[in-house]
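**Q** Would you mind keeping the following structure in view while I ask a few things?
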Amino acid sequence: MKRITMGLGVLLAALAAPAAAMTFMTVDYVCPIGGERFSASTMGSGTSFGHFLDGRAHGAIQSPWPLVECPGNGFLLFREAFDKTELEALGAYVQSADYQRLRGTETSYWRLAQLLRVIGAPAAEQAGALQRASWQASPAQYPRYVAAASAAFARQCPDGQAARDGQWLYCQMLLGEWERRLSRFEPARARFNGLLPQVQALVTGPDRERVARQFAAEIAQQLQLIDAGDSRSTMAVDANAAAAAAAAAGPAPGSVEDAASAADASAAPVAMAAATTADVAAMAAAAAAEAARDADADARAGEGDR
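For what it's worth, the numbering used here labels the leading residue of the sequence shown as -7, then goes sequentially.
Next comes the structure, spelled out in structure tokens:
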């Protein structure tokens, strides 16, 4: 079973070829809380052409991946199966006035983070849900959502952590992005200046050169945005496209490409889309099908008894 999470593994998975297009399908579901039967239009695939600096995918895709919601009680289908203890805890919370109030005021991934908290899901999984909630946030919600996501991620990658790796680096880059988006330019500048010299040493694995070069290019881009006092949501530089342009015309003085090259970050082929890490639709469809089979089996058993 896949989980909504964060980290370097997410980025490495994003190097794979994207789906051909955004497609939808109508799927029948059985809600695991209450047993309600319903049908919902569900996204089956999508295409990423790039990503924003906070990880949100760009292209023919909904990012974050849309969650299927039980229309009656608002439960979000996010796993294939739950044990008895989880169902009891989730059932009580979903039926509470607090959760029902959230249905009218908060985004689906914010509510998902609350559901994950109720069942004591891993901290990284909860952090990933909060990250995705920030992609859905309205301008009024954004500061509060980012504060919650930043706190969750900061616990995963403390500034003073001794054992550092590529996952720590990516986590720190997100913290810097959120600082910039909230116009906290000086803390963001200090963070990215400290991260840039560490990129080559921290990124490991079979795709290390591509990932390290992309990370360095994005950090250089962040520093340029900070210098400009720009707090807007911004598409990440495409390191591969930058390399092609540099090869054709030569580097432009003071460009993002120069800054990246200074950190041994001349671009290699990479098409990163740090987007959805859980095919929620597929998991929900499997859960619905399993629940439907169980319900039908129970019905047949009851007819036999009569």
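Every residue gets a Cβ at the ideal spot worked out from N, C-alpha and C, and that includes glycine.
1. Do Thr34 and Met14 have their C-beta atoms within less than 7 Å of each other?
2. Taking the alpha carbon of Ala139 as the reference point, which residue from Leu82, Cys23, Ala32 and Ser126 has its own alpha carbon closest?
3. Per DSSP, Arg29 forms a beta bridge with which residues?
4. Confirm, please, whether the CB-CB distance from Gly51 to Thr39 is below 7 Å.
5. Sort Phe70, Leu166 and Thr196 by Cα distance to Ser225 and report the nearest one.
6. Excluding five sequence neighbours on each side, which residues of the same chain lie with their C-beta closer than 7 Å to the C-beta of Arg109?
7. Could you tell me whether the Cβ atoms of Leu69 and Ala228 are closer together than 7 Å?
8. DSSP three-state call for Met165: helix, strand or coil?
9. Rank Val22, Arg200 and Glu72 by C-alpha distance to the C-alpha of Gly66 and give the top, closest one.
10. State the start and end residues of the unbroken alpha helix (DSSP H) segment that holds Ala73.
11. Which class does Gly51 belong to by DSSP, given the choice of helix, strand or coil?
12. Measuring straight from C-alpha to C-alpha, what distance separates Ser142 and Gly64?
13. Report the residue from Pro114, Ala49, His43 and Cys62 whose alpha carbon sits nearest the alpha carbon of Arg29.
14. Mind checking whether the beta-carbon of Tyr162 lies closer than 6 Å to any heavy atom of the ligand HEM?
15. Does DSSP put Leu69 in a helix, a strand or coil?
16. Give me the Cα-Cα distance between Trp170 and Gln92, rounded to the nearest whole angstrom.
17. Residues in its own chain within less than 8 Å of Ala146 by CB, not counting five upstream and five downstream?
18. Taking only three categories from DSSP, how would you classify Val60?
**A** According to the data block:
1. As a first step, residue 34 must be located in the sequence shown, where it is residue number 42. As a first step, residue 14 must be located in the sequence shown, where it is residue number 22. No.
2. If you number the sequence shown from 1, residue 139 lands on position 147. Of Leu82, Cys23, Ala32 and Ser126, the residue nearest in Cα terms is Ser126.
3. Mapped onto the sequence shown, residue 29 falls at position 37. For Arg29, which the question treats as bridged, DSSP gives the partners Val22.
4. The residue given as residue 39 occupies position 47 in the sequence shown. The residue given as residue 51 occupies position 59 in the sequence shown. In this structure, Gly51 lies closer than 7 Å to Thr39 by Cβ.
5. Residue numbering aside, residue 225 sits at position 233 when the sequence shown is read from its first letter. Nearest of Phe70, Leu166 and Thr196 to Ser225, Cα basis: Leu166.
6. Here the question's residue 109 lines up with position 117 in the sequence shown. Correct list, in chain order: Gln118.
7. The residue given as residue 69 occupies position 77 in the sequence shown. The residue given as residue 228 occupies position 236 in the sequence shown. No.
8. As a working note, residue 165 is residue 173 in the sequence shown. Helix.
9. Along the sequence shown, read from residue 1 onward, the residue named residue 66 stands at position 74. Of Val22, Arg200 and Glu72, the residue nearest in Cα terms is Val22.
10. Taking the first residue of the sequence shown as 1, we reach residue 73 at position 81. Segment: none, Ala73 is in no alpha helix (DSSP H) and carries neither H nor E.
11. In the sequence shown, the residue the question calls residue 51 occupies position 59. Three-state result, Gly51: strand.
12. Your numbering for residue 142 matches position 150 in the sequence shown. Your numbering for residue 64 matches position 72 in the sequence shown. Roughly 32 Å separates the two Cα atoms.
13. What you label residue 29 is simply residue 37 of the sequence shown in a count that begins at 1. The residue with the shortest Cα to Cα distance from Arg29 is Cys62.
14. Judged by which ligands are present, the structure shown has none, so any question about the ligand HEM falls away.
15. For the purposes of this step, residue 69 is taken as the residue at position 77 of the sequence shown. Correct three-state label for Leu69: strand.
16. By one-based count along the sequence shown, residue 170 stands at place 178. By one-based count along the sequence shown, residue 92 stands at place 100. If you take the alpha carbons of Trp170 and Gln92, they lie about 29 Å apart.
17. Mapped onto the sequence shown, residue 146 falls at position 154. So the qualifying residues of the chain are Leu167.
18. Working through the sequence shown from its first residue, we reach residue 60 at position 68. Reduced to three states, the DSSP call for Val60 is strand.
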